[in-house]
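Here's the structure, in structure tokens; my notes come after.
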Amino acid sequence: MDTPSTVATAVNTPTRFVEVKGRRLAYRELGKGVPIILCLRFRGILDSWDPAFLDALAARHRVITFDYSGLGQSTGTPSYVRTRLAQDAVDLADALGLERFVIGGWSLGGIAAQIVARLHPERVIKTLLIGTTPPGKVRLPAKPIFYERALKPVNDLDDETVLFFHPESEKSRAAAVASHHRIAARTTDTSPAIPIDTVMRMLAETRSEDVFVDDNGYRDFLKTTNIPTLVISGDQEIVFPVENWFDLTPQTKSVHLMAFPQMGHGPQHEAPQLCADLIASFIQNL
């Protein structure tokens, strides 16, 4: 009697590779349906996503995550130049034969996602932005504690709690522990962490820039595009304060802003099912 095959989850789905433009991009995918390409945060690798969020999202959609060029399991030249991050997502879509797709991203990845939408609007079905910033000058910068924790050579659970959750909330601290353990459940076929010297070198390459330089009409694009765009943020965001969206959103035609109370920079890790349900409804109904 045949044994049933193992159900694919974010913890066990294999890393796959595509060769494109002289480099190898590492990616993973789950689920079926409308394809969603998710771009990573600062210092993020394939294993930085909470499996519970990816599994919940993959229950209704085809979810694709990847390592940027030269980072994690991908080869090539590592860079945090925003347009290069966006190009990685587009090249991956090309390699997978995806003419149209939902583009999403967390934090730095949300900037990359906005660039993809601006440069390739005909290919983007919808845009998902989690814990990220709008283009151009903003009213509120990141809090100093973000840089203190984010630039440590190795981040532990306490750092993760400060960076991605709301440490003053008992509920949020408990969610941080639960998310940490879910991510740690994958023990094989994992992407290596980004060495701190590589991180600092990439930062030096972009140090003269604003967080999201509006050098190609990105802000005006957000104001005028008809591409439905969902922004998810915590109201205790220490990296990209949600208040920076308040001036822009009323000037747009298609940006939907959702702020979760008493959550920080990683609401999809604190409330993975809720965020996945919100995204699925957004994709299906708008």
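Here the sequence shown is numbered in UniProt numbering, starting from 1 and rising by one per residue. Where is the CB? At the ideal position from N, CA and C, for every residue including glycine. Note that this is a predicted model, so its numbers are computed, not measured.
Residue range of the beta strand (DSSP E) that includes residue i
| i | result |
| --- | --- |
| Ser233 | Thr229 to Gly234 |
Residues of its chain near residue i, where Cβ-Cβ distance is below 6 angstroms and the 5 sequence neighbours each way are ignored
| i | result |
| --- | --- |
| Val162 | Arg149 |
| Ala142 | Val239 |
Span of the alpha helix (DSSP H), counted from its first residue to its last, around residue i
| i | result |
| --- | --- |
| Ile256 | In the sequence under discussion, the amino acid at residue 256 is His, which differs from the Ile named in the question. That residue, His256, is in no alpha helix (DSSP H); its beta strand (DSSP E) goes Val255 to Phe260. |
| Arg16 | It is not in any alpha helix (DSSP H) - Arg16 instead sits in the beta strand (DSSP E) that spans Arg16 to Val20. |
| Lys223 | Tyr218 to Thr224 |
| Thr161 | Leu157 to Phe164 |
| Arg182 | Glu170 to Ala184 |
| Arg43 | No alpha helix (DSSP H) holds Arg43; DSSP gives it neither H nor E. |
| Arg149 | Pro144 to Ala150 |
| Glu270 | Pro267 to Glu270 |
Where residue i falls, given that 16 or more other Cβ within 10 Å makes a residue buried
| i | result |
| --- | --- |
| Val134 | Reading off the sequence shown, one finds Pro at residue 134, where the question assumed Val. Its Cβ being crowded by 16 or more others within 10 Å, Pro134 is buried. |
| Pro228 | buried |
| Glu270 | buried |
| Met200 | exposed |
| Phe260 | buried |
| Leu203 | exposed |
| Ser281 | exposed |
| Leu57 | buried |
Three-state class that DSSP yields for residue i in the structure shown
| i | result |
| --- | --- |
| Leu71 | coil |
| Val7 | coil |
| Arg62 | strand |
| Arg201 | helix |
| Ala26 | strand |
| Pro51 | helix |
| Met1 | Note on Met1: pLDDT 44, under 50, position unreliable in the model; the coordinate value appears next. Coil, per DSSP. |
| Ile36 | strand |
| Ile196 | helix |
| Ile283 | helix |
| Pro141 | coil |
| Glu243 | helix |
| Pro135 | coil |
Chain-order list of residues whose beta-carbon lies under 8 angstroms from that of residue i (same chain, five-residue window excluded)
| i | result |
| --- | --- |
| Ser69 | Arg23, Leu25, Thr75, Gly76, Thr77, Pro78, Ser79, Arg84 and Asp88 |
| Arg186 | Ala10, Val11, Asn12, Asp47 and Pro51 |
| Asp91 | Val20, Lys21 and Leu25 |
Own chain residues within Cβ distance below 7 angstroms of residue i, not counting five before or after
| i | result |
| --- | --- |
| Lys223 | Gln251 and Thr252 |
| His181 | none |
| Gln236 | His166, Gln262, Met263 and Gly264 |
Worksheet item: Counting only runs that start and end within the stretch 79–130, where is the beta strand (DSSP E) found for 3 or more residues in a row?
Response: As for any beta strand (DSSP E) of minimum length 3 sitting wholly inside the stretch 79–130, the runs are 101–106 and 124–130, ordered along the chain.
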